[in-house]
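Numbering (our numbering), first residue to last: 112 to 349. Glycine included, every Cβ here is placed at the ideal spot set by N, Cα and C. Just so we're clear, the structure is a prediction, and the values are computed from it rather than from any experiment. Notes follow once the structure below has been shown.
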Ligand code: C5P
């Protein structure tokens with residue numbers, strides 16, 4: 112089954128999220144992304160509330176700490192009933208394994224363990240910055256690929272990556288390894304601060320398995336229509 116496009120709920124508080132969701136039919140089950148801004152404002156209750164409304168949640172907190180801390184944090188996050196969450200691959204294989212172990216520990220008996228994916232190099236990082244700030248002296252592509260393989264070795268289900276890297280990651284890992292890509296813009300919509308964007312159709316062709324879409328839906332005058340158009344464009348290529 113093709114995954115629904117994930118809607119990035121980049122709003123400052125729950126009131127705005129509630130207002131945004133009134134644009135959707137009550138029985139439309141969405142896959143939404145809860146990021147740091149809203150989670151740090153509202154806490155776990157926002158996740159419980161979204162789950163009660165019938166939505167699936169990608170909790171995008173990008174954990175990066177010592178393995179013990181990540182394991183304990185993931186044990187807590189697993190209890191929220193999210194479908195998907197993430198860590199930074201730069202934390203290392205041991206840290207990613209610990210994150211996965213925490214998710215397994217924290218998931219209630221009989222419930223689905225959340226998928227865990229890794230952020231490789233942030234798409235805001237240029238190769239020059241990576242060389243200068245991280246002292247990683249390979250190409251950006253090689254670094255992304257290396258991190259993807261580390262994530263696979265640790266047993267994670269996939270990575271967050273640019274659509275431009277999705278095909279290469281697919282070839283070097285496997286077909287079912289999640290390649291979740293942001294920076295999606297339907298034909299003719301505003302790019303905003305994103306530098307390298309792709310349409311949903313092109314992202315699919317480039318090897319993405321899941322897409323995250325924010326402003327083209329959240330800032331739209333007709334959010335539901337925009338969502339359905341993006342969903343259809345994405346599914347058309349499946
Ligand atoms: O509004 P827009 O569609 O650009 O939102 C994309 C979402 O994906 C935002 O929540 C942004 O923080 C997130 N994201 C991204 N690039 C990454 C990782 C996450 O745009 N590399």
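The ligand C5P has a heavy atom closer than 7 Å to the beta-carbon of residue 295. Assignment of alpha helix (DSSP H) within the region 216-298, counting only whole runs of 4 or more residues, yields 251-264, 274-283 in chain order. The shortest CA-to-CA distance from residue 144 to any of 118, 125, 138 is the one to 118. The beta-bridge partner set that DSSP reports for residue 322 consists of 292. Residue 196 and residue 225 have their C-alpha atoms some 7 Å from each other. Residue environment for residue 133: exposed (fewer than 16 other C-beta atoms within 10 angstroms of its C-beta). Just measuring C-alpha positions, the residue of 294, 269, 295 sitting nearest residue 283 is 269. DSSP places residue 181 in the uninterrupted alpha helix (DSSP H) bounded by 178-189. Residue 231 is positioned such that its CB atom lies closer than 8 Å to that of residue 255.
Placement of the Cβ of residue 233 at a distance of less than 7 Å from at least one heavy atom of the ligand C5P is found.
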